[in-house]
Amino acid sequence: YLPLSWVSGLCIFLIFIVTAFMGYVLPWGQMSFWGATVITNLLYFIPGLINWVCGGFIINDPTLKRFFVLHFIFPFIALAIVFIHIFFLHIQGSTNPLGYDTPLKIPFYPNLLTLDIKGF
196 YLPLSWVSGL CIFLIFIVTA FMGYVLPWGQ MSFWGATVIT NLLYFIPGLI NWVCGGFIIN
256 DPTLKRFFVL HFIFPFIALA IVFIHIFFLH IQGSTNPLGY DTPLKIPFYP NLLTLDIKGF
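Here this note's numbering is used: the first residue of the sequence shown is 196, the next is one more, and so on.
If you want it as structure tokens, here you go:
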């Protein structure tokens, strides 16, 4: 379960980076078209993806609306992965992130999950 803890944590990190990058193009104006052009140019190397993101090779209002929708959805995806990450941490032992053999592991219990959600 240790690799799953690290991979889920890395996914959280990357999704927040993508969310911030998508938010970079959301101001409505000339900079938003420039930012959308930058993002779509980064996606040109994946066949078919650019047609889904842009709806073609022209940056216009529907492209910006797609970016807004993705920027709105990504934090909810990150929240779901946070819960998965907490689950994997408790399976491995949340006080044992490197996987050393120690008796000081905290097992996964619903009570501990609620304490994690509340923050204490």
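Where a beta carbon is used, it is the ideal one built from N, C-alpha and C, also for glycine.
Span of the alpha helix (DSSP H), counted from its first residue to its last, around residue i
i      : result
Ile212 : 197 to 218
Pro305 : 305 to 313
Pair within 9 Å by beta-carbon distance, residue i and residue j
i      : j      : result
Leu307 : Ser200 : no
Thr214 : Pro270 : yes
Met217 : Ile234 : yes
Where residue i falls: helix, strand or coil (DSSP)
i      : result
Gly243 : coil
Residue from the options whose Cα sits closest to the Cα of residue i
i      : options                        : result
Thr318 : Phe262, Phe278, Gly314, Val277 : Any answer about residue 318 is impossible in this case: the structure gives the chain only from 196 up to 315.
Ile207 : Ala215, Lys313, Ile276         : Ile276
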